[in-house]
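Visitor:
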Amino acid sequence: MIRAVISLLLVSAVIAPVYASQPWSVRDLGRLYKDSHCMDAAKVTFRAIVGEFGEGRLRASQWVAYANGVGGSHDAVITCTFGDNRGTRATLVVHSARKPIDGHLLARRIAGIFEIHRQRITDSWKHSFR
1013 MIRAVISLLL VSAVIAPVYA SQPWSVRDLG RLYKDSHCMD AAKVTFRAIV GEFGEGRLRA
1073 SQWVAYANGV GGSHDAVITC TFGDNRGTRA TLVVHSARKP IDGHLLARRI AGIFEIHRQR
1133 ITDSWKHSFR
């Protein structure tokens, strides 16, 4: 048991600085029932983030939402890809041109805002069948 804990700590000590130095942060944002729900949540999330940071450009296609230049040096993308019969998967990718750790913190913030909107949209959709 102690050997396993020590091994885990040693691996963590080696991996953590490498992870923190990567300019990319990728997160699974979960599943939504429809592509349109995912894109609605993505667009609302990015509008909130750009409003919070005061700068950034927003674009969207049918299944991808982009926020470029957030905070001056971060680019974020949320993809809404169809996955078998179980709905749409949302994935977030954030690239940071300056400090990678800032990109990881931004990804965490975006994921939190997205989750709020994902839940609101999902609950509203479920209630529409009652």
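Numbers in this note's numbering are just positions in the sequence shown, counted from 1, shifted up by 1012. Note that the Cβ used here is the ideal one computed from N, Cα and C, for glycine as well.
(1) For the pair the segment 1091-1101 and the segment 1118-1135, tell me if three or more CB-CB distances fall below 8 angstroms.
(2) Quick one: what does DSSP say F1141 is sitting in, helix, strand or coil?
(3) Leaving aside the five residues before and after F1034 along the sequence, list all residues of the same chain whose C-beta is less than 6 angstroms from its C-beta, in chain order.
(4) For R1110, count neighbouring Cβ atoms within 10 angstroms of its own Cβ and tell me buried if that reaches 16, exposed if not.
(5) So what's H1129 in DSSP terms, helix, strand or just coil?
(6) For F1094, which beta-bridge partners are listed by DSSP?
(7) Buried or exposed: where does G1084 fall if 16 or more other Cβ atoms within 10 Å of its Cβ makes it buried?
(8) Provide the residue span of the beta strand (DSSP E) that contains G1081, from first to last.
(9) Count the other CB atoms, across all protein chains shown, that sit within 10 Å of the CB of F1058; report buried if there are 16 or more and exposed otherwise.
(10) Report yes if the C-beta distance between L1104 and R1043 is below 8 angstroms; otherwise report no.
(11) Quick check: the Cα distance between V1023 and G1063, rounded to an integer number of angstroms?
(12) Beta-carbon within less than 6 angstroms of Y1078's beta-carbon, same chain only, minus the 5 sequence neighbours each way: which residues are those?
(13) For R1130 versus L1041, is the C-beta distance shorter than 8 angstroms?
Guide: Reading from the atomic positions:
(1) No, they do not touch.
(2) coil
(3) The question names Phe, yet the displayed sequence has Gln at residue 1034. Correct list, in chain order: P1112.
(4) exposed
(5) H1129: helix per DSSP, three-state reduction.
(6) T1100
(7) exposed
(8) 1076-1082
(9) Buried.
(10) no
(11) Any reading at V1023 needs caution, since the residue's pLDDT is 38, under 50, leaving its predicted position unreliable; the model's value is listed next. V1023 and G1063: Cα-Cα distance of roughly 39 angstroms.
(12) Sequence-distant Cβ neighbours of Y1078 in its own chain, meaning closer than 6 angstroms and more than five residues away, are R1071, V1089.
(13) yes
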